[in-house]
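Accompanying notes for the structure given below.
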Amino acid sequence: MEKERVLRILKPHMFFDDQRSHLKSAAGDLPMVHVPFGVANRGSEMQMNEQPETLQTPNQTVD
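Numbering-wise (numbering that gives the first Met the number 0), the sequence shown opens with residue 0 and increments by one.
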């Protein structure tokens with residue numbers, strides 16, 4: 000089933016999706032938001048969770 004058809008029938012106030020390719024509204028009247036998490040964004044999700052080396056060990060001492 001096409002998302003465009005479902006959205007036309009449900010008439011949501013806003014649409015969220017994890018893939019930018021799904022954020023195209025033919026009418027252009029529906030606000031659409033990209034959620035940068037999920038299966039399509041696993042690589043970017045891992046990058047966002049990484050911390051700099053200086054913050055990884057809280058009890059680290061500097062000589």
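Even for Gly, the Cβ is constructed at its ideal location relative to N, Cα and C.
Only residues of its own chain outside the window of five on either side were considered, and among them F15 have a CB closer than 6 Å to the CB of V32, listed in chain order. By DSSP's assignment, V32 forms a beta bridge with F15. If you check the CB distance, V34 and D17 come in under 8 Å.
Distance between P11 and A39, taken at the CA atoms: about 23 Å.
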